[in-house]
Amino acid sequence: MNLPIHDDRILKLIPQRPPIVMVDTLYRYAENCLLSGLHVREDTLFVNIETLQECGLLEHMAQSVALHTGYDYFIRNEEPPIGYIGSMQSIELTSLPKVGDVIQTEVQIIQEFMGVTLVNITSKIGKEVIGRAQMKTVVVSS
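Reminder that position 126 of the sequence shown reads as 126 in UniProt numbering, one-by-one numbering, no gaps.
Structure (structure tokens):
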């Protein structure tokens with residue numbers, strides 16, 4: 001798959017399935033970083049009165065990390081793994097996206113060891129930073 005990857009092709013890269021899919025674009029991928037996106041629509045899960053709620057933005061951030069892992073597995077011809085959030089810290093949400101906004105989220109891999117990944121995440125709408133977090137994720141061994 002050539003980048004960017006949009007819409008249903010994302011489902012080949014993440015373990016989530018509708019209605020909980022909170023990423024719809026993979027713009028850029030490298031071994032230590034990724035740029036993902038989500039176009040917030042009226043029917044996006046966690047939208048309430050035209051605004052994506054905090055839990056939706058945090059889920060988008062987490063799925064961006066899953067997308068990085070899933071694409072890494074994809075380019076090695078392996079199925080995307082199941083994983084979970086080990087911890088989230090240093091969370092700072094400064095603004096919530098509205099219906100029609102496009103969130104772009106950058107994931108920077110800090111450390112990866114034995115299925116545990118520590119990342120810094122920054123979400124933006126245009127040039128405005130709307131959220132930052134540090135997250136630790138764990139891949140479940142098959």
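Virtual Cβ for every residue (Gly too), placed ideally from N, Cα, C.
Where G126 falls: helix, strand or coil (DSSP): Looking up residue 126 in the sequence shown gives position 126. Residue state, collapsed to three classes: coil.
Residue environment, G115, which counts as buried when at least 16 other CB atoms sit within 10 Å: Sequence index remark: in the sequence shown, residue 115 carries index 115 (1-based). The residue is exposed, with fewer than 16 neighbouring Cβ atoms inside 10 Å.
Residues of its chain near T117, where Cβ-Cβ distance is below 6 Å and the 5 sequence neighbours each way are ignored: Position 117 of the sequence shown, counted from the start, is the residue given in the question as residue 117. Hits under 6 Å: T137.
Inter-stretch contact (C-beta, 8 Å, three-pair minimum) for the region 25–33 and the region 82–96: No contact exists between the region 25–33 and the region 82–96.
Rounded C-beta distance between S36 and L57? I'm assuming under 8 Å. Mapped onto the sequence shown, residue 36 falls at position 36. Mapped onto the sequence shown, residue 57 falls at position 57. The Cβ separation is near 13 Å, so there is no contact.
Taking M1 as the reference, which of Y71, Q53, M61 has the closest Cα? Working through the sequence shown from its first residue, we reach residue 1 at position 1. Here the closest residue by C-alpha is Y71.
In the DSSP assignment, the beta strand (DSSP E) including L57 goes from what residue to what residue? Within the sequence shown, the letter at position 57 stands for residue 57. Here L57 belongs to no beta strand (DSSP E); instead the alpha helix (DSSP H) covers 54–75.
Is it buried or exposed, Q111, if we count other Cβ atoms within 10 angstroms and call 16 or more buried? Residue mapping note: residue 111 aligns to position 111 of the sequence shown, counting from 1. In summary, Q111 is exposed, with fewer than 16 beta-carbon neighbours lying within 10 Å of its beta-carbon over all protein chains present.
Determine the DSSP secondary structure at L45, reduced to helix, strand or coil. Within the sequence shown, the letter at position 45 stands for residue 45. Residue state, collapsed to three classes: coil.
My guess is that V107 and V65 are in contact by the Cβ rule of under 8 Å, so how many angstroms apart are they, rounded? In the sequence shown, the residue the question calls residue 107 occupies position 107. In the sequence shown, the residue the question calls residue 65 occupies position 65. At roughly 6 Å, the Cβ-Cβ gap stays under 8 Å, so V107 and V65 are in contact.
Residue from R76, I85, V139 with nearest C-alpha to F113: Counted from its first residue, the sequence shown places residue 113 at position 113. Among R76, I85, V139, the Cα nearest to that of F113 belongs to V139.
Taking its Cβ as the centre, do 16 or more other Cβ atoms sit within 10 Å of H60, making it buried, or is it exposed? Reading the sequence shown from its first residue, position 60 is the one you call residue 60. The residue is buried, with at least 16 neighbouring Cβ atoms inside 10 Å.
Considering I82, what are the terminal residues of the beta strand (DSSP E) in which it resides? Translated into the one-based positions of the sequence shown, residue 82 becomes position 82. Note, I82: premise wrong, no beta strand (DSSP E); not H, not E.
Short check: CB of Q104 to CB of I125, under 9 Å? On the sequence shown, residue 104 is found 104 positions in, with the first residue counted as 1. On the sequence shown, residue 125 is found 125 positions in, with the first residue counted as 1. If you check the CB distance, Q104 and I125 come in under 9 Å.
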